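Undergrad:
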Ligand SMILES: Cc1cc2nc3c(=O)[nH]c(=O)nc-3n(C[C@H](O)[C@H](O)[C@H](O)COP(=O)(O)O)c2cc1C
């Protein structure tokens, strides 16, 4: 028993928690605040780049708003990010604002555990642990964890062109509600970026939490294309309009027409319009949130279900 008490003082919390959430997530509300104004951006903000850490929204919230994440039930503040507008992106008559993250903090752990956990996590990052976001400095990774207070759904992206097929996981995705647009932030080193920019059609399979291991195994395809659709360990089905192979066991399959793409720091920001959406089944979707968020919920007796390995 004493070990449970001592553990948080010697070992950091995991940075990411892989959880099963029925979409759309309703646990956390995100708002932008600027001057005396505030607006709900739960379904109107996303990550546009990891280096520098950049947030995109279709709301014009002035030059330096604050992005707040609150627990929906209790209204408690979980964390916030201070933003600085750096650029705008025009696509299909809409203007998207890009904001750099200037600073941030969370309230999921009480003092002194909060700074101590940050210190332990940063030390682990500096010692070169296998962070999926290893291109980021520890402070930016801490800020990214705050952006994950809104649990982020995981999809598999299908790319299918003559001579190039691919299927890889993404979670830096999301609707920018006010504009009706949908964005994806893909590291510019991804092997499918040139094909996506040229072909401008993709399918997104919303993945059941139960397929966690299969999803993670496909992360190798950020670097190498898929040899053949038949090489996958699960069946595919053609998407409705474009006929792109997508995951037959997906919860939902969306087709995206890419209307704009541009490099934003380390990533290519793809801006698309959803042209079709097929709901195949209702179940929990694979999501990522911050480890300190799951710890906060666990202390209150309401943790998200963990996505389990098969
Ligand atoms: C579940 C999951 C979601 C991911 N989402 C994204 C994403 O949205 N954008 C991106 O560029 N890479 C994404 N990646 C790729 C990883 O960040 C990483 O680049 C990839 O796993 C290769 O890792 P490595 O470069 O450390 O070998 C994702 C990987 C996984 C497993």
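In the numbering used here, the protein residues as written are 42 to 351. Each residue gets a CB set at the ideal place from its N, CA and C atoms; glycine is no exception. These figures come from a predicted structure and were not determined experimentally.
Helix, strand or coil, according to DSSP, for residue 283 in the structure here?
TA: Within the chain shown, residue 283 is the residue found at index 242, counting from 1. DSSP places residue 283 in coil when its eight states are reduced to three.
Undergrad: Which two residues bound the contiguous beta strand (DSSP E) that contains residue 303?
TA: Position 262 of the chain shown, counted from the start, is the residue given in the question as residue 303. Counting along the chain, the beta strand (DSSP E) containing residue 303 begins and ends at 293 to 305.
Undergrad: Span of the beta strand (DSSP E) holding residue 157?
TA: As a first step, residue 157 must be located in the chain shown, where it is residue number 116. Run containing residue 157: none in the beta strand (DSSP E); it sits in the alpha helix (DSSP H), 154 to 167.
Undergrad: Determine the extent of the alpha helix (DSSP H) in which residue 186 is found, giving its start and end residues.
TA: Taking the first residue of the chain shown as 1, we reach residue 186 at position 145. Start and end: 179 to 188.
Undergrad: List the residues that DSSP assigns as beta-bridge partners of residue 247.
TA: As a position in the chain shown, residue 247 is number 206, starting the count at 1. DSSP output for residue 247 lists 196, 293 as bridge partner(s).
Undergrad: Quick check: the Cα distance between residue 225 and residue 309, rounded to an integer number of angstroms?
TA: Mapped onto the chain shown, residue 225 falls at position 184. Mapped onto the chain shown, residue 309 falls at position 268. Residue 225 and residue 309: Cα-Cα distance of roughly 8 Å.
Undergrad: Note the first and the last residue of the continuous alpha helix (DSSP H) segment covering residue 69.
TA: One-based indexing of the chain shown puts residue 69 at position 28. Looking at the DSSP string, residue 69 is not in any alpha helix (DSSP H); the run it does join, the beta strand (DSSP E), is 69 to 75.
Undergrad: Distance, Cα to Cα, residue 77 vs residue 102?
TA: Residue 77 sits at position 36 when you count from the first residue of the chain shown. Residue 102 sits at position 61 when you count from the first residue of the chain shown. Rounded to the nearest angstrom, the two C-alpha atoms are 11 Å apart.
Undergrad: Classify residue 147: buried if its beta carbon has 16 or more other beta carbons within 10 angstroms, exposed otherwise.
TA: Counted from its first residue, the chain shown places residue 147 at position 106. Residue 147 comes out buried.
Undergrad: Apply the 10 Å Cβ neighbour rule to residue 160 and answer buried if 16 or more other Cβ atoms are within range, or exposed otherwise.
TA: Within the chain shown, numbered from 1, the residue matching residue 160 stands at position 119. Under this definition residue 160 is an exposed residue.
Undergrad: Assign residue 112 to buried or exposed, taking buried as 16 or more other Cβ atoms, counted over all protein chains shown, within 10 Å of its Cβ.
TA: As a first step, residue 112 is located in the chain shown; it is residue number 71 there, counting from the start. Looking at its Cβ environment, which holds 16 or more other Cβ atoms inside 10 Å, residue 112 is buried.
Undergrad: Put residue 278 into one of helix, strand or coil per three-state DSSP.
TA: Counting from 1 along the chain shown, the entry for residue 278 is found at position 237. It is a strand residue.
Undergrad: If residue 196 and residue 245 are in contact, beta carbons under 8 Å, what's the gap, nearest whole angstrom?
TA: Counting from 1 along the chain shown, the entry for residue 196 is found at position 155. Counting from 1 along the chain shown, the entry for residue 245 is found at position 204. Right, the Cβ-Cβ distance comes to about 4 Å (below 8 Å), so this counts as a contact.
Undergrad: Skipping 5 residues on each side, what residues in its chain have a beta carbon closer than 6 Å to that of residue 93?
TA: In the chain shown, residue 93 corresponds to position 52, counting from 1. The answer, listed in chain order, is 141, 306.
Undergrad: Quick check: is the beta carbon of residue 231 nearer than 8 Å to any beta carbon in chain D?
TA: Considering every chain present, this structure includes no chain D. It has just one protein chain.
Undergrad: Per the contact definition of three or more C-beta pairs closer than 8 Å, is the region 282 to 297 in contact with the region 319 to 330?
TA: By the Cβ rule, the region 319 to 330 counts as touching the region 282 to 297, because three or more pairs are nearer than 8 Å.
Undergrad: What I want to know is whether the C-beta of residue 263 ends up closer than 7 Å to one or more non-hydrogen atoms of ligand 1.
TA: Sequence index remark: in the chain shown, residue 263 carries index 222 (1-based). Yes, since a heavy atom of ligand 1 falls inside the 7 Å radius drawn around the Cβ of residue 263.
Undergrad: According to the neighbour-count rule (16 or more other Cβ atoms, all chains shown, within 10 Å of its Cβ), is residue 168 buried or exposed?
TA: As a working mapping, residue 168 is identified with position 127 in the chain shown. The residue in question, residue 168, is exposed, as its Cβ has fewer than 16 Cβ neighbours within 10 Å.
Undergrad: Where do the N-terminal and C-terminal ends of the alpha helix (DSSP H) with residue 240 fall, by residue?
TA: Translated into the one-based positions of the chain shown, residue 240 becomes position 199. Boundaries of the alpha helix (DSSP H) harbouring residue 240: 234 to 240, taken from the DSSP string.
Undergrad: Going by DSSP in three states, residue 81 sits in which element: helix, strand or coil?
TA: Working through the chain shown from its first residue, we reach residue 81 at position 40. Residue 81: strand per DSSP, three-state reduction.
Undergrad: Nearest by alpha-carbon distance to residue 55: which of 263, 182, 256, 268 is it?
TA: Indexing the chain shown from 1 puts residue 55 at position 14. Nearest of 263, 182, 256, 268 to residue 55, Cα basis: 182.
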